[in-house]
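Peer 1:
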Amino acid sequence: MSRGTILMLVGPDYEDLEVWYPKLRLEEAGYRVPCAGLGEPIYHGKHGYPCPTDGRVQDYQAKDLQGIIAPGGWAPDKLRRDATVKRLVQEVDRAGGLVGTICHGPWILISAGILRGRRLTSTVGIKDDVENAGATWVDEAAVIDRNLVSARVPKDLPAFGRALLSVLEASQA
Numbered sequence: 006m007s008r009g010t011i012l013m014l015v016g017p018d019y020e021d022l023e024v025w026y027p028k029l030r031l032e033e034a035g036y037r038v039p040c041a042g043l044g045e046p047i048y049h050g051k052h053g054y055p056c057p058t059d060g061r062v063q064d065y066q067a068k069d070l071q072g073i074i075a076p077g078g079w080a081p082d083k084l085r086r087d088a089t090v091k092r093l094v095q096e097v098d099r100a101g102g103l104v105g106t107i108c109h110g111p112w113i114l115i116s117a118g119i120l121r122g123r124r125l126t127s128t129v130g131i132k133d134d135v136e137n138a139g140a141t142w143v144d145e146a147a148v149i150d151r152n153l154v155s156a157r158v159p160k161d162l163p164a165f166g167r168a169l170l171s172v173l174e175a176s177q178a
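Numbering (our numbering), first residue to last: 6 to 178.
1. Going by other Cβ atoms of all chains shown within 10 Å of its Cβ, with 16 needed for buried, is GLY16 buried or exposed?
2. What's the gap between the Cα of LEU84 and the Cα of VAL97?
3. In or out: VAL62 buried (at least 16 other Cβ within 10 Å) or exposed?
4. Identify whether ILE131 lies in helix, strand or coil by the three-state DSSP scheme.
5. Please tell me whether ALA140 and ARG121 are closer than 8 Å, where the distance is taken between their beta carbons.
6. Where GLY78 and GLU23 are concerned, what is the direct C-alpha to C-alpha distance, given to the nearest angstrom?
7. Please state whether DSSP places ARG99 in a helix, a strand or coil.
8. Could you tell me which residues DSSP puts in a beta bridge with PRO57?
9. Provide the residue span of the alpha helix (DSSP H) that contains ILE115, from first to last.
10. Three-state secondary structure (DSSP) at TYR36?
As structure tokens, this is what we get:
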């Protein structure tokens, strides 16, 4: 029995571990975690791992989602240009749903305009982007700011997984 749906955003050259680790961890906890991109039936990660999609981002509505995850790699640079991706992230955030992100994933949240006044982390490579979007960047393995969960890089995935589940469990209490 599913505890809710968490949409995983995917695109070309996604960071393999940043998609698969949280997807499997959330599925193990009983969540449905479909992968959606901009239209391709399959995307390949930076390290070559294939990710078949369960649909296009435009096939999903925020009202049906308990959360959304923006993993890293180079995919966020493509995904953040799509109006539907930005709208969906804005709507999930506005509704208080989980917004998870790691590494370069915050690029999507920056383009969606949801980071002003928030506290989060990312890869140090986009620290300036995060701060220029009005957020406070911190150097921690995983950061929780209300419904926003962020992590730096793949080595932080265990902390990211715990933080995602913590926020989801708190939202169900």
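Every residue, glycine too, gets a C-beta built ideally from N, C-alpha and C. All of these numbers come straight from a predicted model, not from anything done at the bench.
Peer 2: A quick look at the data gives this:
1. buried
2. 16 Å
3. buried
4. helix
5. yes
6. 8 Å
7. helix
8. ILE47
9. 111-117
10. coil
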